[in-house]
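2 protein chains.
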Amino acid sequence: MFNHTPTAEAAVLSRLSALSSLSEDERRALRLATELPHRVAACRDLVQAGQRTSGSLMVVDGWLGRVKLFSDGRRQILSFLVPGDIIQEARNAQPIAVSTITALTDAMLCPAPATDTEGLCEAYAASAALDEAHLLRQIARLGRMSAYERIHDWMLEMRERLLLAGRAGADDFVMPLTQETLADALGLTSVHVNRTLQAMRRDGVLEWRGGVVRLKQHGKPVADPVARTAAERPRGAQAVALTR
Amino acid sequence: MFNHTPTAEAAVLSRLSALSSLSEDERRALRLATELPHRVAACRDLVQAGQRTSGSLMVVDGWLGRVKLFSDGRRQILSFLVPGDIIQEARNAQPIAVSTITALTDAMLCPAPATDTEGLCEAYAASAALDEAHLLRQIARLGRMSAYERIHDWMLEMRERLLLAGRAGADDFVMPLTQETLADALGLTSVHVNRTLQAMRRDGVLEWRGGVVRLKQHGKPVADPVARTAAERPRGAQAVALTR
DNA sequence: CGGGGAATTGAGGCTTCTCAAGCTTAGTGG
DNA sequence: CCACTAAGCTTGAGAAGCCTCAATTCCCCG
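Residue numbers (my numbering), protein chains in the order written: chain P, 1 to 244; chain S, 1001 to 1244.
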């Protein structure tokens, strides 16, 4: 039905190839690594915050999330990990996990090949840079967007990310999360996510049936966050060369 | 009046020493680097998103912010950079800035010494790891905390960070931002920040006069975010060893 | 003393939350 | 083949939190 669900190893290979040019040896190493993935059942914690980590991992299949739980039960999903993503060990002397990672669906992971070759090393670095960009985008989303905008922006981000891993069509992708999980990521309640999704369907912005999301170009435009210079703020400023 | 505003270079030295054990050579290199800092006036953009970066920098004095501006004028401060913090160049082949950095106050920066020695390298890595932890904390703050909790949690974080740089007392520190800037960081309006601060003062949680914040242990307790396992969620789970 | 940015206050409205109930769907066992 | 169940989705009503707009006061600085 959907031709964007290729074989398992394709996700990692597709994403890393897009981030850096890999040698045939490196591609072979990646294929080899993904051949015997470990399984993790949904709702299991993969890493505990504060625990020592045991090397980098790659997501072969399924969705995971970095999660922070509050003592009163509130939950915030900090970021998502989807096929092709890399969970990198801190380059620190003390490789301590800074957040818990939970499997949001059944998932498959494998150890990431060592970064002793140039192409892979570059791919891992690019992956880390992308991850950081996603964190920053998540902050802007939570801080300054309405519920409607948050959901739309998140959908666009996930489509883009899955596309990189060869796991999305031009405007549709498989979205295995519940509305409650989405709410925990977007700082909303599941009730409000539900109502907002209905509004988006009414506006023709998206469809979501049977675990597949289809985004539509037309429909009500939503805010598009554009980084601009401070010059456009009230007490404007200009970029400067550093002066002593 | 406050003995926690030592000489300029002390901030960088204090923070990096706390993050890793530095040799005398390394300490000397840091002292040398901070001796001729570049000045940046408040409201100036230091780096533009998308621009090539030109090496790593250290904050000698002043407060900066990574900022995302929306096309309609909304602003989100993604993270803060305070004395002792490092603005690290991407380890990427393409060192492209992912966000604009704006000076929120007059600031002084200097190039960071090259990481060709073990202690410094470790210190930079630890600094980067801390930065990521701050981003994650910011996400949890924006996603799941009330205005009251956001402000309190943010104050605690900044006190802790400034303490590391030797720029804070046991419970007070210099806070040069306006309420509007704080609002842009915490996803609120300046009006609501103002009213919430009044409630906190009424509750005896903090004082804020003349640019100095004093936090008080007593007073109304606020939510303390504790990372815990998924086991405590409704459909609980246990941490697992990876199984094939 | 005047100017200007920042802080403060008030009134009213909108977004989002809370609580609660009903519905739908997929899976299960008799 | 059909109750039965459990999870997820949907809907309603009312309340709370936060925002908007606007005016006023405070405070620093020239």
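Even glycine gets a Cβ: it sits at the ideal position worked out from N, Cα and C.
Fair warning: this is a prediction, and the values are worked out from it, not measured in the lab.
Leaving aside the five residues before and after residue 37 of chain P along the sequence, list all residues of the same chain whose C-beta is less than 8 Å from its C-beta, in chain order. The residue you call residue 37 of chain P lines up with position 37 of the first sequence. Leaving aside the five residues that flank residue 37 of chain P on each side, the residues in its chain whose CB is nearer than 8 Å to its CB run, in chain order, 8, 60, 61, 108, 109, 110.
Please report how far the alpha carbon of residue 115 of chain P lies from the alpha carbon of residue 47 of chain P, in whole angstroms. Counted from its first residue, the first sequence places residue 115 of chain P at position 115. Counted from its first residue, the first sequence places residue 47 of chain P at position 47. Each residue's Cα considered, the two are about 22 Å apart.
Relative to the alpha-carbon of residue 1106 of chain S, which residue among S:1170, S:1013, S:1045, S:1099 has its alpha-carbon at the smallest distance? Position 106 of the second sequence, counted from the first residue, corresponds to residue 1106 of chain S. The shortest Cα separation from residue 1106 of chain S among S:1170, S:1013, S:1045, S:1099 belongs to S:1045.
By how many angstroms is the C-alpha of residue 1010 of chain S removed from the C-alpha of residue 1169 of chain S? Translated into positions along the second sequence, residue 1169 of chain S becomes position 169. Translated into positions along the second sequence, residue 1010 of chain S becomes position 10. CA-to-CA, the gap between residue 1169 of chain S and residue 1010 of chain S works out to about 15 Å.
Option nearest residue 99 of chain P by Cα separation, candidates S:1136, S:1012, S:1204: Taking the first sequence and counting its residues from 1, the one referred to as residue 99 of chain P is at position 99. Comparing Cα-Cα distances from residue 99 of chain P to each of S:1136, S:1012, S:1204, the minimum goes to S:1136.
Between S:1056, S:1041, S:1155, S:1042, which has its C-alpha nearest residue 1113 of chain S's C-alpha? Your numbering for residue 1113 of chain S matches position 113 in the second sequence. Closest in C-alpha terms to residue 1113 of chain S, from the list S:1056, S:1041, S:1155, S:1042, comes S:1056.
Rounded to whole angstroms, what's the CA-CA distance from residue 96 of chain P to residue 199 of chain P? Just pull it up for me. Mapped onto the first sequence, residue 96 of chain P falls at position 96. Mapped onto the first sequence, residue 199 of chain P falls at position 199. The straight-line gap from Cα to Cα measures roughly 42 Å.
Spell out the partners DSSP gives residue 1203 of chain S in its beta bridges. In the second sequence, residue 1203 of chain S corresponds to position 203, counting from 1. Residue 1203 of chain S pairs with nothing; no bridge assigned.
Distance, residue 118 of chain P Cα to residue 196 of chain P Cα: Looking up residue 196 of chain P in the first sequence gives position 196. Looking up residue 118 of chain P in the first sequence gives position 118. The alpha-carbon separation between residue 196 of chain P and residue 118 of chain P amounts to approximately 46 Å.
Tell me, please, whether the CB atom of residue 187 of chain P is closer than 7 Å to any CB atom in chain S? Taking the first sequence and counting its residues from 1, one reaches residue 187 of chain P at position 187. Look at residue 187 of chain P: its C-beta is under 7 Å from a C-beta on chain S.
Within the region 1067-1154 of chain S, note down every full alpha helix (DSSP H) run reaching 4 residues or more, in order along the chain. Here the runs fully enclosed are 1118-1144.
According to a CB-to-CB cut-off of less than 9 Å, which residues of the region 1143-1164 of chain S neighbour chain P? The residues in question are 1143, 1144, 1145.
Contacts that residue 74 of chain P makes with chain S (C-beta to C-beta distance below 7 Å): Taking the first residue of the first sequence as 1, we reach residue 74 of chain P at position 74. In chain order: 1144.
Can you check DSSP and say which residues form a bridge with residue 59 of chain P? Mapped onto the first sequence, residue 59 of chain P falls at position 59. DSSP output for residue 59 of chain P lists P:109 as bridge partner(s).
Got a sec, what are the start and stop residues for the alpha helix (DSSP H) residue 1025 of chain S sits in? Translated into positions along the second sequence, residue 1025 of chain S becomes position 25. Segment 1024-1033, the alpha helix (DSSP H) holding residue 1025 of chain S.
Cβ of residue 184 of chain P within 7 Å of Cβ of residue 87 of chain P? Counting from 1 along the first sequence, the entry for residue 184 of chain P is found at position 184. Counting from 1 along the first sequence, the entry for residue 87 of chain P is found at position 87. Result no, Cβ atoms of residue 184 of chain P and residue 87 of chain P do not sit closer than 7 Å.
By Cβ distance below 8 Å, which residues in the same chain neighbour residue 142 of chain P in space, the five residues on each side in sequence not counted? If you number the first sequence from 1, residue 142 of chain P lands on position 142. Excluding positions up to five away in sequence, the list reads 150, 186, 187.
Can you list the residues of chain P that residue 1216 of chain S reaches, using a CB-CB cut of under 8 Å? Counting from one through the second sequence, the residue named residue 1216 of chain S turns up at place 216. Those do not exist, as residue 1216 of chain S stays about 21 Å from chain P at its closest Cβ, beyond 8 Å.
Any chain S beta carbon closer than 7 Å to residue 99 of chain P: Walking along the first sequence from the start, residue 99 of chain P turns up at place 99. Chain S, which has a Cβ nearer than 7 Å to the Cβ of residue 99 of chain P, makes this yes.
If we count the other Cβ atoms within 10 Å of its Cβ and call it buried at 16 or more, is residue 191 of chain P buried or exposed? By 1-based counting over the first sequence, the position of residue 191 of chain P is 191. With fewer than 16 Cβ atoms within 10 Å of its Cβ, residue 191 of chain P is classed as exposed.
Leaving out the 5 sequence neighbours to the left and right, which residues in its chain are closer than 8 Å to residue 216 of chain P when beta-carbon positions are compared? As a working mapping, residue 216 of chain P is identified with position 216 in the first sequence. The residues are 171, 204, 205, 206, 207.
If you measure from the beta carbon of residue 87 of chain P to each beta carbon in chain S, is any gap under 7 Å? As a position in the first sequence, residue 87 of chain P is number 87, starting the count at 1. Contact of residue 87 of chain P with chain S is not assigned, every C-beta pair being separated by 7 Å or more.
Run the CB neighbour count on residue 1178 of chain S, radius 10 Å, all protein chains shown included, and call it buried at 16 or more, exposed below. Taking the first residue of the second sequence as 1, we reach residue 1178 of chain S at position 178. The residue in question, residue 1178 of chain S, is exposed, as its Cβ has fewer than 16 Cβ neighbours within 10 Å.
In chain order, what residues of the same chain have a beta carbon less than 6 Å from the beta carbon of residue 1219 of chain S, not counting five sequence neighbours either side? Residue mapping note: residue 1219 of chain S aligns to position 219 of the second sequence, counting from 1. The pLDDT assigned to residue 1219 of chain S is 47, lower than 50, so where the model puts this residue is not dependable; a value taken from the coordinates is nonetheless given after this. Residues of the same chain with a CB within less than 6 Å of the CB of residue 1219 of chain S, apart from the 5 flanking positions on each side, are 1203, 1204, 1205 in chain order.
In chain P, which residues lie with their C-beta within 8 Å of the C-beta of residue 1132 of chain S? Stepping through the second sequence from its first residue, residue 1132 of chain S is reached at position 132. For residue 1132 of chain S, the chain P residues whose C-beta falls within less than 8 Å of its own C-beta are 98, 132, 135, listed in chain order.
Would you tell me roughly how many angstroms separate the C-alpha atoms of residue 63 of chain P and residue 79 of chain P, rounded to the nearest one? Within the first sequence, numbered from 1, the residue matching residue 63 of chain P stands at position 63. Within the first sequence, numbered from 1, the residue matching residue 79 of chain P stands at position 79. A direct Cα-Cα distance of roughly 11 Å separates residue 63 of chain P from residue 79 of chain P.
Checking 7 Å against the spacing of the C-beta atoms, do residue 1068 of chain S and residue 128 of chain P come in under that value? Here residue 1068 of chain S corresponds to residue number 68 of the second sequence, with the count starting at 1. Here residue 128 of chain P corresponds to residue number 128 of the first sequence, with the count starting at 1. Cβ distance not < 7 Å, so residue 1068 of chain S and residue 128 of chain P don't count as in contact.
Do we get a CB-CB distance below 7 Å when we pair residue 1022 of chain S with the residues of chain P? Counting from one through the second sequence, the residue named residue 1022 of chain S turns up at place 22. For residue 1022 of chain S, the answer is no, since every Cβ of chain P falls outside 7 Å of its Cβ.
Could you check whether the Cβ of residue 11 of chain P sits closer than 7 Å to any Cβ belonging to chain S? The sequence position of residue 11 of chain P within the first sequence is 11, counting from 1. Interface flag for residue 11 of chain P against chain S is unset, since no Cβ pair is found closer than 7 Å.
Taking 7 Å as the CB-CB cut-off, is residue 199 of chain P touching chain S? Along the first sequence, read from residue 1 onward, the residue named residue 199 of chain P stands at position 199. So no, residue 199 of chain P is outside the interface.
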